[in-house]
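Trainee: Questions regarding the structure given below will be posed in turn.
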Amino acid sequence: MTLWRLIAKEIAYRRLNFALSVVAVLVAVGCLVAELVLLRAHDLRAEGIAESKEARTRGMVGKLEEDYIKITLGLGYNVLVLSKDQDLGRFYAQGVAETTMPEAYVKRLAESRVITVQHLMPTLQERIEWPEKGKLPILLMGTRGEVPIAHRDAKKPLLQPVAKGTLVVGSLVGERLGLKKGDAATLRGQSFTVAEVRPPRGNEDDVTVWADLGEAQALLGRPGEINAILALSCFCAEATLDGMRKEIGTALDQKVQVLELAREAATRRAARARASALAEEVVQSEEAGRAEQRTERQGFAEWIVPLVIVGCTVWVGLMAFSNARDRRGEIGVLRALGVRGGQVLAVFLGRALLVGLAGAALGYALGLGVAAAWDARQGGGVGLAALVAPWVLAGTLVLAPLFSAIASFVPALVAAGQDPAEILQDQ
Amino acid sequence: MPDNRGVADDVLSISNLVKTYRRAGKEVRAVDGVALAVAPGEFVAVQGPSGCGKTTLLLVAGGLLRPDGGRVAVGGDDPYALSAEGRARFRAARIGFVFQQFHLVPYLSVLDNVLVPSLAEARPGAAARARGLVERFGLGPRADHRPGELSTGERQRVALARALLNEPRLILADEPTGNLDRASAAVVLDHLAEFAKADGAVLLVTHDPWAAQRATRQVRMETGRLVS
């Protein structure tokens, strides 16, 4: 005779008590497992949907990027025409061309049949110090506005000319010199009126002073000379940049060099970056939505599952009390025959472990089955095989017997501590 | 009346035993200065009316109820000098109990019931010995039956077989024939007598003069004292 045989025989004899205790554990484990499996199913499904959505979004973004490229290509190029003798290294380093070319070039270009250029703006630029204003460093830019192109219809000019006798000053220049519209200002001995103080732009324009091209040429001692022609919105849908260079070069006897301004490339990069950021935002928003849904479900589980577990633990404890009460006479005689209190405790706790094991195994199967069926009803179920988590099974097989033993511990202790003499006298 | 025959090799030796119950503010002296010795081969019957303290005497003698005074020795050893766990082992090894209500485990078969003491004292050959006892007490055909399927006489024989499994020197029997007919009672008393003859010792408490007459020695107990 062993304690396990005694336990097994007793369970077979009091099947109802054992079954009711197992049902309690089954309910608790079933709820827990079902909730864990549903959360796992949610995660797996969300992962699949996220991957699929991300792939679709990436595809859309790729298409969007292509569209951006086409659109920005359609906008054409902005180019800068400099003298052929300009050292490009120094130009890139200083940001201003040192070598000049005849202002007549712009007239020739405007009158030529260059089909790619939409707007022409000749300028004479030089970095100087404003002698009357404490030698403030400025970029003096002489401009005559836009030169109309002979063979095209009149377009709205992109840049207005600066009236003679006036200056337009950048925001920093205006701020440092305390200039405002209508103020008188003297530059290199010549009197001007401030026509406008430009708002801040965060670039070189803020330290620029614009003047009429002729007056700027006089101030800089370069009459009839310019050092750059800005050719804007060059329409290159059919022509390449190389083709345009060739066309301008031919019109000006190959005495100039044509540079592409980086603005469009930057625009394309920015467009792509914006498209990527948009895609990322869409994916992140989707993930956040699913995470919120999971948190809601988890929050519910965190409330209901412990409640069920506590309820079932109390149930198991009450069944253990009932079992101990029914077996009072048996315990009395066992103790009289020399069975020790620890052995009686082991009998009750061993029974509780079996209750926990049986409840855990059945509860896991039930919880898994119910959760898988529920998941399948949601549409696009991830399948039973994917939901089987060995760690959940292992956890329930360890924790359920432990909880069952804890719930039965007090009844077992009471049973083990009973006085056999008292029981025998009562009976 | 004190019994002064006690010697060192008595199986059971009780001297000046006192046990008092305190219930609802009242004291009841259930055992009052009892002295008794049971030698090997003796079958002693303690006879007396209900409530005279017979069962209390038996429980104290069996190491189940600590006395308020006096001394108990089984095989020369005082069980109350041991811890509760030690006393349980002591009972399993040295004393067999037979009760009026049989106290069989309802979900175990006859054979398993006889084997119950092996839970407390696992000795080699217990299973074979249990089968032998079952046969000896005429329970062979009933070996796989549960107590609920047995007659009262058969149940008491199972209880007697259980008491003998660990080969104790002393059997304490509390009204073992109280629920039995004469024929069944005779069988049980014969087995107790047989055990005593085989160098064992039996202390039987009963209110039944007929059962007491089967003992080798009879003593009478009234209001907690041995009077003859």
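Line order of the protein sequences matches chains A and B. Number 150 in this note's numbering belongs to position 148 of the first sequence; there are no gaps in the numbering. Number 191 in this note's numbering belongs to position 173 of the second sequence; there are no gaps in the numbering. Even glycine gets a Cβ: it sits at the ideal position worked out from N, Cα and C.
#1: Relative to the C-alpha of residue 109/A, which candidate in 182/A, 9/A and 149/A has its C-alpha closest?
#2: May I ask you to list, following chain order, the residues of the stretch 322-354 of chain A that have a beta carbon less than 8 Å from some beta carbon of chain B?
#3: Using a beta-carbon distance below 8 Å, is residue 422/A in contact with chain B?
#4: I need the DSSP call for residue 420/A, collapsed to helix, strand or coil.
#5: Considering Cα atoms alone, identify which of 12/A, 230/A, 32/A and 425/A is closest to residue 145/A.
#6: Between the stretch 38-50 of chain B and the stretch 355-364 of chain A, do at least 3 Cβ pairs fall closer than 8 Å?
#7: Are there 16 or more other CB atoms within 10 angstroms of the CB of residue 162/B, so buried, or fewer, so exposed?
#8: Looking only at its own chain, which residues have a Cβ that is under 7 Å from the Cβ of residue 132/A, when we skip the five neighbours before and after it?
#9: Is residue 316/A buried or exposed, if buried means 16 or more other CB atoms sit within 10 Å of its CB?
#10: Cβ atoms of residue 178/B and residue 79/B: under 8 Å apart, would you say?
#11: Interface residues of chain A around residue 103/B at Cβ under 9 Å?
#12: Quick one: what does DSSP say residue 183/A is sitting in, helix, strand or coil?
#13: Should residue 334/A go down as buried or exposed, given a rule of 16 or more other Cβ atoms within 10 Å for buried?
#14: Counting only Cβ-Cβ distances shorter than 7 Å, please list the residues of the stretch 155-186 of chain B near chain A, keeping chain order.
#15: Which same chain residues end up closer than 6 Å to residue 368/A when comparing Cβ atoms and leaving out the 5 residues on each side of it in sequence?
#16: Going by the CB atoms, is the gap between residue 314/A and residue 39/A shorter than 8 Å?
#17: Per DSSP, which residues does residue 123/A bridge with? Please list them.
#18: So which of 416/A, 424/A, 293/A and 357/A has the shortest CA-CA distance to residue 41/A?
#19: When burial is assigned at 16 or more other CB atoms within 10 Å of the CB, is residue 216/B buried or exposed?
#20: Please list, in chain order, all residues of the same chain as residue 207/A whose beta carbon is under 6 Å from its beta carbon, the five residues on each side excluded.
#21: What are the partner residues of residue 54/B, as DSSP defines its beta bridges?
#22: So, is residue 131/B buried or exposed, given that buried needs 16 or more other C-beta atoms within 10 angstroms?
#23: Between which two residues does the beta strand (DSSP E) containing residue 192/B stretch?
#24: Would you say residue 238/B and residue 118/B are within 8 Å of each other, going by their C-beta atoms?
#25: CA-CA distance, residue 280/A and residue 289/A?
#26: With a cut-off of 8 Å on the beta carbons, I'd call residue 103/A and residue 228/A a contact; round off their distance for me.
#27: Quick check on residue 68/B - is its C-beta less than 8 Å from some C-beta in chain A?
#28: Between which two residues does the beta strand (DSSP E) carrying residue 202/B extend?
#29: Report buried or exposed for residue 112/B, applying the criterion of at least 16 other Cβ atoms within 10 angstroms of its Cβ.
#30: Restricting to Cα atoms, I'd like to know which of 129/A, 113/A and 111/A is closest to residue 93/A.
#31: Show which residues of chain A have a CB atom less than 8 Å away from the CB atom of residue 133/B.
#32: If you pair each beta-carbon of the stretch 408-416 of chain A with each one of the stretch 369-380 of chain A, do three or more pairs fall below 8 Å?
#33: From the DSSP output, read off the bridge partner residues of residue 129/A.
#34: Give the residues of chain B in contact with residue 427/A, contact being defined as C-beta atoms less than 9 Å apart.
#35: Beta-carbon of residue 8/A versus every beta-carbon of chain B: anything under 8 Å?
#36: Give the secondary structure of residue 103/B by DSSP, where H, G and I count as helix, E and B as strand, and everything else as coil.
Mentor: In short, the structure shows the following:
#1: 149/A
#2: Going along the stretch 322-354 of chain A in chain order, one finds 331, 332, 334, 335, 336, 337, 338, 339, 340, 341, 342, 343, 344 and 345 with a Cβ nearer than 8 Å to chain B.
#3: yes
#4: coil
#5: 230/A
#6: no
#7: Exposed, since its Cβ has fewer than 16 Cβ neighbours within 10 Å.
#8: 138, 140 and 189
#9: exposed
#10: no
#11: 342, 343 and 344
#12: coil
#13: buried
#14: none
#15: 32
#16: Against a cut-off of 8 Å, the Cβ pair of residue 314/A and residue 39/A comes out as no contact.
#17: 232/A
#18: The shortest C-alpha separation from residue 41/A is found at 293/A.
#19: By the 10 Å Cβ count, residue 216/B comes out exposed.
#20: Contacts found: 172.
#21: 32/B
#22: buried
#23: Unbroken beta strand (DSSP E) run through residue 192/B: 188-192.
#24: no
#25: 14 Å
#26: For a cut-off of 8 Å, the C-beta gap from residue 103/A to residue 228/A is around 6 Å, short enough to register as a contact.
#27: Output row for residue 68/B: interface = no.
#28: Looking at the DSSP string, residue 202/B is not in any beta strand (DSSP E); the run it does join, the alpha helix (DSSP H), is 200-215.
#29: Per the 10 Å Cβ criterion, buried.
#30: 129/A
#31: 3
#32: no
#33: 141/A
#34: 73, 74, 77 and 83
#35: Yes, because at least one Cβ of chain B sits closer than 8 Å to the Cβ of residue 8/A.
#36: helix
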